[in-house]
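S.K.: According to the working numbering, the sequence shown is numbered sequentially starting from 81.
No residue lacks a Cβ here, since even glycine has one placed at the ideal position from N, Cα and C.
Computed from a predicted structure; not experimentally measured.
Would you mind keeping the following structure in view while I ask a few things?
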Amino acid sequence: MAPREARGEAVVRELLPGQSLELLRELHLVGRDGNLHADSLRKLKQVNHLVQLVAPAVLDARERHPEPTLLDAGAGNSYLGFVLYELFLREPGSREVLYSVESRPDLCARARDRAQRLGFERMQFVQAPLSEVGSEVPERLHVVTALHACDTATDDALVLAVRRNADHVAVVPCCQAEVAAQLKDDPKAAAEPWPLLWAHPIHRREAGAHLTNVVRALTLTSFGYQVTVTELTGWEHSLKNELILGRRVHREHRGAKSQLETLLRATRVRPKVVRELLPELLS
């Protein structure tokens with residue numbers, strides 16, 4: 081069973097090297113009583129675990145590029161961005177710039193004010209849907225992250241990463257409803273025996289989510305990314321727990337593209353990431 085909260089020294093044990101209680105208080109993850117309550121503890125575990133997994137990507141970008149650009153997509157309260165900034169962008173000699181993209185004006189304004197108070201000068205905020213991001217962020221990105229960007233916002237993050245030639249991408253999808261809705265609207269469009277997998281509503285939700293993430297992984301692979309799919313944290317901390325990591329190592333992978341085309345033809349689904357990046361596979 082997951083701990084309900086962390087108190088006293090248990091709070092300190094949750095910190096990563098270089099991570100401060102002051103920032104966690106500013107983010108309202110640590111309460112006035114100095115404790116990490118249940119919801120905040122879950123959030124911190126998710127953020128910190130993702131930061132640890134993304135760290136090699138940040139260091140790789142730093143080694144290969146004079147001014148690495150990081151982008152946190154669908155940032156919400158920007159917990160991930162602030163933690164990344166504290167751990168990497170405040171280091172002596174750091175040259176990275178971190179862009180935080182969020183569509184909700186109140187969250188974006190609050191995060192911008194917080195960054196100014198903290199002196200996080202190389203943290204930039206863009207208030208826009210991911211699908212509408214334009215010249216506000218550089219044409220070349222190096223690391224793109226998205227922690228629980230809801231439904232097709234994860235696809236938008238992947239599209240942005242691919243189109244802007246990101247070296248690394250890390251997404252933790254959330255609420256994959258689009259494909260499940262397609263399966264519901266036309267449950268027998270797929271070749272037999274595929275429809276048996278989504279004949280019942282609970283199976284349709286699960287099959288839709290799984291199929292969505294398989295398509296996302298294959299799409300990244302098609303564009304030359306070496307993809308790893310794993311768990312973010314223990315399931316006791318979040319049910320939205322699948323992590324897709326990609327590192328670009330080739331220009332393209334025709335074999336993966338062919339596999340993706342076969343899968344789409346068999347299941348007859350039309351995920352947004354494919355509509356945006358590989359529409360020819362849906363003709």
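Report the rounded CA-to-CA distance for G335 versus S302, giving the unit in angstroms.
M.R.: Each residue's alpha carbon lies about 8 Å from the other.
S.K.: Apart from the five residues on each side of it in sequence, which residues of its chain come closer than 8 Å, Cβ to Cβ, to R190?
M.R.: Same-chain partners within the cutoff: N157.
S.K.: For Q204, report the span of its beta strand (DSSP E) as first-last.
M.R.: Q204 -> beta strand (DSSP E) spans 203-207.
S.K.: Leaving out five residues before and five after P359 in sequence, what residues of the same chain have Cβ atoms less than 6 Å from its Cβ?
M.R.: There are no such residues.
S.K.: In the DSSP assignment, find the unbroken beta strand (DSSP E) run with E322 in it and report its ends.
M.R.: Its beta strand (DSSP E) spans residues 322-328.
S.K.: Excluding the five sequence neighbours on either side, which residues of its own chain have a C-beta within less than 6 Å of the C-beta of D152, listed in chain order?
M.R.: Within the same chain, D152 has close Cβ partners L160, G161, S180, T225.
S.K.: What's the C-alpha gap between E94 and L169?
M.R.: Each residue's Cα considered, the two are about 21 Å apart.
S.K.: Below 8 Å on the Cβ atoms is my guess for L150 versus Q99; work out the distance and round it to an integer in Å.
M.R.: About 17 Å; that fails the 8 Å criterion.
S.K.: Excluding five sequence neighbours on each side, which residues of the same chain lie with their C-beta closer than 6 Å to the C-beta of G326?
M.R.: Here the set comprises V249, L300, Y305, V307.
S.K.: Quick check: what's the CA-CA separation for V134 versus L101?
M.R.: Their backbone Cα atoms lie some 21 Å apart in a straight line.
S.K.: Can you check the stretch 210-273 for any alpha helix (DSSP H) of at least 4 residues that lies completely inside it and give the ranges in chain order?
M.R.: Within the stretch 210-273, the complete alpha helix (DSSP H) runs of at least 4 residues are 232-243, 258-265.
S.K.: What are the boundary residues of the beta strand (DSSP E) that T149 is part of?
M.R.: Unbroken beta strand (DSSP E) run through T149: 149-153.
S.K.: Helix or strand or just coil, what does DSSP make of H317?
M.R.: Caution applies to H317, whose pLDDT of 42 falls short of 50 and renders its modelled position unreliable; the model cannot decide the point.
S.K.: Do T234 and P253 have their C-beta atoms closer together than 8 Å?
M.R.: Yes. Within cutoff.
S.K.: Bridge partners for Y305 per DSSP, in chain order?
M.R.: Its beta-bridge partners are R328.
S.K.: So, at 7 Å on beta carbons, what are the nonlocal neighbours of E85 in its own chain, with the 5 sequence-adjacent residues on each side left out?
M.R.: Closer than 7 Å at the Cβ level, and outside the excluded window around E85, lie N115, L116, H117, A118, L121.
S.K.: Out of A241, N245, E258, which one is the CA nearest neighbour of V381?
M.R.: Nothing about residue 381 can be read from this structure; the chain reaches only from 81 to 363.
S.K.: Using the beta-carbon count (16 or more within 10 Å), is H108 buried or exposed?
M.R.: When all chains shown are included, H108 counts as exposed.
S.K.: Report the rounded CA-to-CA distance for E316 versus K125, giving the unit in angstroms.
M.R.: Low per-residue confidence applies at E316: pLDDT is 48, beneath 50, and the placement is therefore not dependable enough to give any value.
S.K.: Just the C-alpha distance for C188 and A269, rounded to the nearest angstrom, thanks.
M.R.: So the alpha carbons of these two residues sit roughly 41 Å apart.
S.K.: Just to confirm my understanding: we take R244, look at its own chain, exclude 5 residues before and 5 after, and list those with CB closer than 7 Å. What are they?
M.R.: Cβ within range, chain order: E219, R220, L221.
S.K.: Measuring CB to CB, does L96 end up less than 8 Å from V131?
M.R.: Closer than 8 Å, so yes.
S.K.: Classify S158 as helix, strand or coil using the three-state DSSP reduction.
M.R.: Coil at S158, not helix or strand.
S.K.: Excluding five sequence neighbours on each side, which residues of the same chain lie with their C-beta closer than 7 Å to the C-beta of L277?
M.R.: Only H283, A287 meet the Cβ criterion.
S.K.: Rounding to the nearest angstrom, what Cα-Cα distance links L357 and V239 in this structure?
M.R.: Cα to Cα, the separation comes out at about 7 Å.
S.K.: Between the beta-carbon of A261 and the beta-carbon of R285, is there less than 8 Å?
M.R.: Taking 8 Å as the Cβ cut-off, A261 and R285 do not qualify as a contacting pair.
S.K.: Is the beta carbon of A237 closer than 8 Å to that of G173?
M.R.: No, the pair does not count as a contact, with Cβ atoms beyond the cut-off.
S.K.: What's the gap between the Cα of S211 and the Cα of A271?
M.R.: Going from the Cα of S211 to the Cα of A271 covers about 32 Å.
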